Each structure stands twice: as structure tokens, then as C-alpha cells.
Amino acid sequence: MSSSVEAGVPPEILAQYEPVIGLEVHVQLATRTKIFCACPTSFGAQPNSNVCPVCLGLPGALPVLNRQAVEMAIRAALALNCEVRQRSIFARKNYFYPDLPKGYQISQYDQPLAEHGSIEISLDGGKKRIGITRVHLEDDAGKSMHEGFKDSDRYSYVDLNRSGTPLIEIVSEPDMRSSDEAYAYLTDLKQVMQYIEVSSCDMEKGHLRCDANVSVRRRGADRFGTKAEVKNLNSFRFLKLALDHEIQRQIAILESGGQVMQETRLFNVATGETVGMRSKEHAHDYRYFPEPDLLPLRTSDAWRNRIREETPELPARKRERFASEYGIREYDAQVLTLTRAAAEYFEKAAAASGDPRTTANWVTGDLMGLLRAAGKDISESPVRAEDLGGLVRMIARGEVTGKLAKEILAKMFTSGESARAVMAREGLEQISDAGALEKIVEEVIANNPKQVAQYKAGKAAVLGFLVGQVMKASRGQANPSMVNEVLRAKLG
Amino acid sequence: MQVENLTIDSVREGLARRAFSAVELATEALRFAGAENGKTNALLEICGERALAAARRVDAGIAAGEPPGPLAGVPVAVKDVILTGGVRTTAGSRLLANYNPPYDATAVIRLEQAGGVIIGKANCDEFAMGSSTENSAFGPVRNPVALDRVPGGSSGGSAASVAQGTSVVALGSDTGGSIRQPASFCGVVGVTPTYGRVSRYGLIAFASSLDHIGPFARNVKDAARLLGVIAGRDPADSTSAAAPVPDYLSQLDAGVSGLRIGLPVEYFKGLASETGDLIAKGIEVLGRLGCKVREISLPATEYAIACYYIIATAEASSNLARFDGVRYTCRSPESGTLSEMYRNTRGEGFGAECKRRIMLGTYVLSAGYYDAYYLKAQRVRHLIAQDFQRALAEVDALVTPVSPFPAFKLGEKLADPLEMYLSDIYTITCDLAGIPGLSVPCGRTAQGLPVGMQILAKHFDEPLMFRLAHAFEQAGGVEG
């Protein structure tokens, strides 16, 4: 099926169909060592250097479960509102592949770590609950390299550094009805995983991988259509492109009187199309059976409860709290809760300033602008949260004007100093000395005879202009309330 | 010194009174093995360098006044499914014909730390699959008692080496009887410990939930001493037991008067052979020693063979998947595609018995068959374990034959794999239940072929098992 056919599906036909999407997401856990051995999980080492008999799958080697991996998986499962089973079972998933050194993956099958969860995703038109079928633990395979070697025409190479890296697989219910919903689900899922610090979710490094089950049905139909599994959706953009393509492809088939085949399809990044990989008849029979080298995994109530208690506030709840507790706009709340680091920065700065709403504006506006320009994350901000709070407090007290504050913030960003330190160094401290102010005021009166005359003729609004002139002449450093006072006195 | 007659006690005594040094003993043991091994093919590799290095460490320790380890200087053979770092470990397979593992099995580390001197690697059925050691890619082992007969299997090389005298004790592995059956065929003591008692780390897996490492010896005391060395929790094996290891020697002579012995009726049906007669005599000896003998029933026994050959082959099909031509030195040349490389390498590399079991195991795990075979077999396994639990609540130990017949002739049963499978009937239930079992010599047939008596005990009740076997042995066993 070529793309020209699908491109021909008119929007009014597309609108007659409802896509049904479920996602299977693999998340690499941020443990220091691998799931069944003590080898480091670090990225970018020399090929086949972070390996031992266990992750090489050597004869005689046996797996020993990494407690930290289980703890992180439980944290993830609880954050997704899953029920964590008291007893779960590891199972072998058998298949042949050169980068799978044992000839099987150690995964979980009929008794996974956790089940029956859900996540609420944010959509333009509101919120939607997406069911989580299961969360289970497994080990990753190595990497096959088919290109880049002088004998790549005849040989493939295998790097087993990644072999044994801990993964969780998060399987959703078929609850999504558009590529946008799938996009939103993956976005929110990634945010939650990052919040609870179980994964960096760096898609470029393969820390977050996504496969989709897609089918379409006529709107109003109660049964699902035949689904295709689409693999290799390893960026948010590809996810959307691939789903849109696959949805159109299936609709085009049905519109032309055909039937969708149950099969596995691969998204081709170059063409933007999905391509058939293997049909149902050729589907792997993984011959799952309980892994005899590992005991059943038991999680005690105490353990689960402790992890639950230690789980930080999740983004959705934090958003609501920011809006209600601090009275900040919903959009700002969303920006400020994008990452845990941003939220923590804001709360610290707000505490220092005593004015959360103004603080929110400064964080989402000027500070984030500076960070973007410098290519820095908020966790690396040269301006400490307390110092930004201090600056906002000075604005609120009228000690600096907003305009000057912007200049000061830029200098704080460069030097890492507090606002007061920058002002002292740059001679930017406020002029509150009556003598000095009087001098400036006198100059302004002398230079603006027309406006002075208007004021004296009863046009009180002109005072604002004159105050502005004084501020300008003082390069913003004059204490604004004192300026008012002195001007009025001089103008008599 | 005559190495073929040594025991651990006589080695200890010889070293203590400076009759010989560990290096002298190792040198003589290596010489003897080099001269005699050709008769049986029990050892695939004689590791002189490693043996002498171990012996030198023992001598240095003695010279420094350190107390010698429990196995100080003792020549040991290690079944070739147990990894010895830097020493070729083949599992009896062409696929590993040149495989030099990079690490030692935990049991190997422990036995060398105890002063043991590994003389050689013992021949075995390929990947421990077989009951005669005729499935080795490197030629069959001959029974030293009767050279035209098999030594049993799969640990036939370990049993034959101990019987022949090329080692004093040996390590074997047992998945369905692979220690006890060759021990009985060769007239030595063989022990299958409780599952989890000895770490499996470094044992090339056949069927992980059934695999055990255990000792061979020329007497019960040596077997008990060797088990004491290799037993105990190993953090590298999640299935190894945390239970402390008792001193297996301290209770050996505690006597057996009053012990309750059960004879499972299912194991004696139709056993009207010389084997049956010898076991009956053995039971009489136990009676004279004061044991109270009675019949009991293990009703699930009739399903044991089917259950075993489903679970064992299922696990084996998965465990052997890694031998795919990508690693381990054996890859079929002339393969155009990945799929051809897999098929050619495995087709050429595995022997017939391994292929048979891989196919059986793949079949029983396949979609649509899993519930009918694997799952049902797991339920049967549970019933078999319950049988033993009930029986061993009423009696202290069970006594049975090890094999329906003594050592058979080379080639005699090769044509009928099913008959070979059925001969495992008395030994596999112990592995399925995870309880300890032992084979102790129980006389010889008119032709002079050894017969072994099996003693089974509760989980972790090796002390009682050893005590009973030791008393039987000290009483002279069965003449014949």
C-alpha cells in the first residue's frame, strides 16, 4: 500500500472512522547497575566493556535481581495508580537473535509486577483517563550493529553493554482515540517518570521507547477493528506521524473494501510510512515459562507503603496546588510544573519574595528566556532561587523598578551574584538621598518648562511625565516614592 | 602410596605425618591418571598445571603452619559441565569443544579453597543428557568394573574416575539421577543434595529447577566431607538456600537404631531381579541395625517420568538456546543467512539426544500446548512433592533401588531412547521433589556388577541420610 493511496482519503471520510490506540512503552530505569548483575549501566562506554558472565549470558551464569530496579519499578507503578502484586513471577521470553545472548529475555508474563492503573492526561479540551493494563520488569538486549565496519557487507557486530539494563514495560489500555491523545499520553507519562526520578527518559539514548497497537472502526461501532502493531516510534514526532499514517492506511483499506491484516509494522523514518514486518502467521511464539533461576518476587506491605510515602507530589496535583495555593494562572502553573526542578525553583523563589504571582512571571518570563538563550536547564540556573526571590521582593517594595530589575537579573545570570551584590558592584543602588534627588529634580524642572507650566495650570496628569523624566535622568535608580514627594514640593 | 585406594582420611593422615607432600601426591595422581585414563575415557582433560599449583598452595600452607583445609591435597575430578576458569569445559558437546570459560563455578572455588586438587575434567553425556555417558561427543566412558559396560550417566566420567582411582572424590551433577545411577553402576557413593544446598553458579544448565551439583566418593564419610565443603548459601545463585550447613561428620556415628524406614511399594513392583534381591538384603541389614522398616505409598509415582521429561526438556530447550553460533568458538561455516547459521551450527553441533530433548521441550512450551503439558506437569510435580512430604512425616527416610538393572553393555540401549528414559524411574522423583538422595553400594550381582541402594530423606536432612548410609556401610553392606 503506497502513501499516494492513503493521501487520497478525504477528511470527511476520515471523520467517519474512530482510531483506537494503545501504547506499549519501555522505560529504562536509572539504576547505577544492571538488573541481574553488578555491571554499570553507563552509556557510551567502549563496546563490550560493561559486561560480565551474567549479562553476556555465559553458560553457568545466573541472574540476581537488583533491589533498586524493583524499588523504582514499584515507584513507577504506584505513580500510575497501579495495584502492585504481593507476588509476581519472572518468565523467560524465548527467541533467537544475535544481540540476545541467553536466547531468552527475562521478563514477566502472566503475573506482572503491577496491574490495573491509570493516568489522567491533559488535552486541549480538558482531561482524560487512560487505563494502564500492567507494568512489568525485564532486562534489555544488546545492540546489533550492521553498518560502519569495513566488513559490514559480510558481518554484523554485537555490543552487549546494554544487555541486562533494567526496563519497565508500561502497557496501556486501548483508550486513546487520536494521535494527539497518544502524544499527550506519552508526554504526561514521560513527565511522571522524570518526576519520580526512575528514568531520565532520554529518547535519543533509547531510555524511552514506544510501540503502538492501532486499529480503526466506524464511529458508533462497538467492536474494535483488527489491529496492527507499529514499532520503532522513538520520538514524539515519529509517534504522531506514524499513527496518522497508519490510521489513514487502515481507513483506505477499509474504504476500498479490503480487510486490515493483523501484523507487526515498522515505522520508516525516511518515508514517514509504516511497512509490514511480519504477519500473524509469522508472529513469534515466545514460549513463555516461569524463570527457574529466580524466586517469585514478593513485595511486602511495608515496602510498598514506604515507597508510596516517599513518592513525590506528581505533576497533575502540583499544577492544581500551584493554581489554588498561589493563585497563579493555569498556564504558568503548567510551565512551572513541567519539571520537578522548575517547580522546586519556583517554590523556593516564591518563598523568598513573598509574592508568588510576580515570582511566577519572572521565572516563566525573564529567567526562562535567559536559560533558553544559554542552553541551560533550570537546575543549572546561575541565579539561585533565593536570589531571584530577593529581586522580586525589592521590586515589590519599590526599591527597584521593573525595568532596572531586568538589567540586574541579566547581570545576576552572568555573575551568579545576588541582586544586592550586582547593584553594589555596578553602582545601581537606589538614590534615596534627598540632596541628590533634589538636584536631579531641579534639572528636570529646568529642562521641561512647558510641562511644568501645564502642571501649574492644573493638569495634574503631567506629573507622571515629570516623574518618568526624573527616573530616566537617574537611570532608574531614583526611589520612585521619594521622587513624587520631592517633585510635588518643588513644583509647589 | 597407591592413589587408587586413597580416601580423604588417608590423604590427611599421609600429609600430617609427612609420608608425602601434596605436590608428591598430585604428581603421582597425575601420573596414574595419565597411565590409566585410556582404559575408561573417564577424564576428558587432565589439568596438570592447575593441579600442581593447587598442591603447591597446600604445601605452602602446611609449611607456614596453617591448619590444612578439609580437602587438603585430595585429588578431585570435576564433571565437565562445571566451569573451571582457564581449563577447557566442554559439557561433552562439540559446540563447546574449545571453550575456555573465564570463571570458576562456586563449587570449584570452594573445593580449591578447602585445599582440593583438581586433577581433571570428567566426561559426561552431552549437556548432562543421558543415562549411560554414551552421548558424549568425545567418546563413551567404560565402566572400570566391567570395561564392556557403561558407567551410567550422565556423570559417568565422575563415577568411573572415582571407581578407577584416577581421583579420590569427584563432583557430578544430577538432574534426574545423573549422580546416583552412575554411582550405583560403578560401586561408589553418590549424593544428590537438597535442591538449593549447593550453588549452581557455574554449572552449565540442563534443567535449572532440577539441576544439582553433588559429590562422588569411595565411602560415605568422604562424600559427606566433600558436600560440607561445597554446600551453603551463594549470593550469586538466587535459588541457593540460606539454611546453615551442619557438620555432616559429627553425627555419622550416632547410630540408626529406632529410625523409621519407609519402602515405597511403587518402587518395588515387578522388581523380581537380582537387583531386587540385593536391595532386599540391604533392607535386612538395616533391620538388623535396629531400623523399623515398613511399607508406604507414593501414589503419584506413575506420572513421574512423563512429568520429568516435560519439565526437564522445556527448561533445556531454553537453556541450550544460547549455543547459536554467535559465540563459544563453534560456528558452522558456509552459512549465507542468520537463520542458516543458527540451523547449521545447531544441526551440526548438537548430538541426537540433545536435539530430541530440545524438540520435545520446544513442543511442550508452544502456544496451545503449554497448559496441556508444562502447566499440568507442574501440578503433577507438586503432587509428587506432596507424596514425599506425607511419607517423610511418617518415616525418617525412604529406601529404594537406584536403577531397575545394573550396568548394561555399551550400545545395548542406544536404539531405544524411551527404554533409557524409563530406567530413570527410581531417581527422578527425588529431583522433582527437591529432596536429598544418595546411592550407597549394596552388593554385586553374580556377574560382579555393583548395585546401589537409594536413601531419600526430608529437605535438608542430609545428616540423617549420611548417618544411615554410613551405618549400613560400616555394617559391611551386602556381600556379593
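Taken in order, these protein sequences are the chains called A and B. Mapped onto the working numbering, the consecutive letters of the first sequence carry residue numbers 1 to 492. Mapped onto the working numbering, the consecutive letters of the second sequence carry residue numbers 493 to 972. Built from N, CA and C at the ideal position, the CB exists for glycine as well. Being a predicted model, the structure only gives us computed values, none of them experimental.
Going by the CB atoms, is the gap between residue j and residue i shorter than 8 angstroms?
i      : j      : result
A494/A : S199/A : A question about residue 494/A goes unanswered here, because the residues of chain A that appear run from 1 up to 492.
A967/B : V777/B : yes
G649/B : C616/B : yes
S474/A : I445/A : no
A534/B : T658/B : yes
T226/A : Q262/A : yes
L437/A : L463/A : no
F677/B : V633/B : no
S700/B : S670/B : no
N305/A : N161/A : no
V503/B : V566/B : yes
L297/A : S730/B : no
N479/A : S418/A : no
Y286/A : N66/A  : no
P594/B : T581/B : no
L741/B : P685/B : no
T358/A : V392/A : yes
A925/B : A877/B : yes
T576/B : I610/B : yes
V872/B : A792/B : yes
R602/B : V683/B : no
I927/B : F880/B : yes
T299/A : V335/A : no
A961/B : V932/B : yes
R134/A : P98/A  : no
L695/B : D923/B : no
So the alpha helix (DSSP H) residue i belongs to, where does it begin and stop?
i      : result
R162/A : No alpha helix (DSSP H) contains R162/A, which DSSP labels as neither H nor E.
R308/A : D301 to E310
T892/B : Counting along the chain, T892/B falls outside any alpha helix (DSSP H), though it belongs to the beta strand (DSSP E) covering A889 to P893.
K128/A : Unbroken run through K128/A is the beta strand (DSSP E), G126 to D139; no alpha helix (DSSP H).
R509/B : Looking at the DSSP string, R509/B is not in any alpha helix (DSSP H), and its letter there is neither H nor E.
E443/A : A434 to N447
F346/A : R340 to S353
K868/B : K868 to E886
May I ask which residues mark the beginning and end of the beta strand (DSSP E) holding residue i?
i      : result
I927/B : I927/B -> no beta strand (DSSP E), and no H or E assigned at all.
C210/A : L208 to R218
E845/B : Where E845/B is concerned, there is no enclosing beta strand (DSSP E), although the alpha helix (DSSP H) it sits in stretches over A844 to L857.
H26/A  : Y17 to Q28
H951/B : Neither: H951/B is in no beta strand (DSSP E) and is coded neither H nor E.
E229/A : A228 to K231
V982/B : The structure shown does not extend to residue 982/B, since chain B spans only 493 to 972, so no value can be given for it.
L123/A : A114 to L123
For residue i, I'd like the list of residues in its chain whose CB is within less than 6 angstroms of its CB, leaving aside the five on either flank, ordered along the chain.
i      : result
Y345/A : I378 and A385
A511/B : none
V5/A   : Reliability of the predicted coordinates at V5/A is poor, the pLDDT of 45 falling under 50, and the value obtained from them is presented with this limitation in mind. Taken in chain order, the residues that qualify are A252.
S179/A : K240, L243 and D244
Using a Cβ-Cβ cut-off of 7 angstroms (strictly less than) and excluding sequence neighbours within five positions of residue i, which residues of its own chain qualify?
i      : result
A620/B : V573, S646, S665, T667, S670 and F698
Q743/B : P955 and R959
D151/A : none
At a threshold of 7 angstroms, does residue i count as lining the ligand HEM (C-beta to nearest heavy atom)?
i      : result
A907/B : This structure does not include the ligand HEM; it has no bound ligands of any sort.
State the CB to CB distance for the pair residue i and residue j, rounded to an integer number of angstroms; the pair is presumed to be in contact (CB under 8 angstroms).
i      : j      : result
A662/B : V579/B : About 15 angstroms separates the two Cβ atoms, so there is no contact after all.
F36/A  : G164/A : 6 angstroms
Keeping to the same chain, check which residues put their C-beta closer than 8 angstroms to that of residue i; ignore five residues upstream and five downstream.
i      : result
F96/A  : G103
K989/B : The first residue shown for chain B is 493 and the last is 972, placing residue 989/B beyond what the model contains.
Quiz prompt | Positions along the segment 286 to 299 of chain A whose CB lies within less than 7 angstroms of some CB in chain B | solution = Residues R287, F289, P292, D293, L294 and L295.
Quiz prompt | Interface residues of the segment 589 to 608 of chain B facing chain A [CB-CB below 9 angstroms] | solution = Listed by position, the residues of the segment 589 to 608 of chain B near chain A (Cβ gap below 9 angstroms) are Y591, P593, P594, Y595 and A597.
Quiz prompt | Residues of the segment 81 to 92 of chain A whose Cβ lies closer than 9 angstroms to any Cβ of chain B, in chain order | solution = So the close ones are R92.
Practice problem: Give the residues from the segment 91 to 115 of chain A that approach chain B closer than 8 angstroms (Cβ to any Cβ), ordered along the chain. | Solution: Residues of the segment 91 to 115 of chain A with a C-beta atom less than 8 angstroms from some C-beta of chain B are R92, N94, F96, P98, P101, K102, G103 and Y104, listed in chain order.
Quiz prompt | Residues from the segment 54 to 71 of chain A in contact with chain B, defined by Cβ distance under 9 angstroms | solution = Residues of the segment 54 to 71 of chain A with a C-beta atom less than 9 angstroms from some C-beta of chain B are V54, L56, G57, L58, P59, G60, A61, L62, P63, V64 and L65, listed in chain order.
Exercise. Report the residues of the segment 136 to 159 of chain A with a CB closer than 9 angstroms to any CB of chain B, ordered along the chain.
Key: S156 and V158: these are the residues of the segment 136 to 159 of chain A whose beta carbon lies less than 9 angstroms from some beta carbon of chain B, given in chain order.
Quiz item: Listed in chain order, which residues of the segment 849 to 868 of chain B have Cβ atoms closer than 8 angstroms to some Cβ of chain A?
Solution: Flagged, chain order: T854, L857, S858, A859, Y862 and Y866.
Quiz item: Just by C-beta distance, which residues in the segment 534 to 554 of chain B are closer than 7 angstroms to chain A?
Solution: Here the close residues number zero.
Quiz item: Name the residues in the segment 790 to 814 of chain B whose C-beta lies less than 7 angstroms from a C-beta of chain A; which are they?
Solution: Against chain A - using a Cβ distance shorter than 7 angstroms - the residues of the segment 790 to 814 of chain B are A806, E807, S810, A813 and R814.
Quiz item: According to a CB-to-CB cut-off of less than 9 angstroms, which residues of the segment 564 to 575 of chain B neighbour chain A?
Solution: Residues passing the 9 angstroms Cβ filter: V573, I574 and L575.
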